[in-house]
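Notes to accompany the following structure.
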Amino acid sequence: MRVSKQVEECKVCVDGEEIEQVQNMGAILSADETCEEEIEHRVGAAARVIGAMRKEVLKRRELKKATKMRVYNAMVMPTMLYGSETWTMMKRYESRLGTTEMAYNYLRRVEGVSRIDRVRNADAREAVRQEEVMEKVKRKQRT
């Protein structure tokens, strides 16, 4: 829905100083209405969570796949998707989120396959019964 054809600038000033972006409860709001910085921040935070869990969760053979996926869905996904209800999605953002999900090899490691095994990302995701990240974003935006 478009309210007006005129583009009006929104300037946020604090103590007479103009602010380009604001961080509100961990979410970055920018004046140019893009969410690129916010998505990059969320991707970086998710990567740090995966790195922290690598030794304690991913490399522990005594943990079942279901347990590892519960940890993933409880720790990584909320970190990566925090504030996604307000994101204006573009193709490049969708691509970035999709590649991030597989780039850190969490799902592949849980399944026990590598890129050398030539298993497609969709097959690895299906094997661990994980919904695609963009489907989660779209569902959060609808509610």
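The sequence shown begins at 284 in the working numbering and counts up by one.
Where is the CB? At the ideal position from N, CA and C, for every residue including glycine.
- Secondary structure note for Leu346: it is in no alpha helix (DSSP H), with a DSSP letter that is neither H nor E.
- Rounded to whole angstroms, the separation of the alpha carbons of Arg408 and Glu415 is 8 Å.
- Fully enclosed alpha helix (DSSP H) runs of no fewer than 4 residues occupy 348-354, 360-364 of the region 333-369, in order along the chain.
- DSSP, reduced to helix, strand and coil, places Glu300 within a strand of the structure shown.
- The shortest CA-to-CA distance from Arg375 to any of Ser397, Met358, Glu394, Glu320 is the one to Glu320.
- Excluding residues up to 5 positions away in sequence, Tyr389 lie with their Cβ nearer than 7 Å to the Cβ of Tyr355 in the same chain.
- Contact between Thr383 and Val326 holds, with the beta-carbon distance rounding to 5 Å and staying under 8 Å.
- Secondary structure at Tyr376: helix, using DSSP grouped into helix, strand and coil.
- DSSP places Tyr387 in no alpha helix (DSSP H); its state is neither H nor E.
- With fewer than 16 other Cβ atoms inside 10 Å of its own Cβ, Met373 counts as exposed.
- Taking 8 Å as the cut-off, the beta carbon of Val402 is found no closer than this to the beta carbon of Lys351.
- Note that the C-beta distance between Val420 and Ser367 is below 8 Å.
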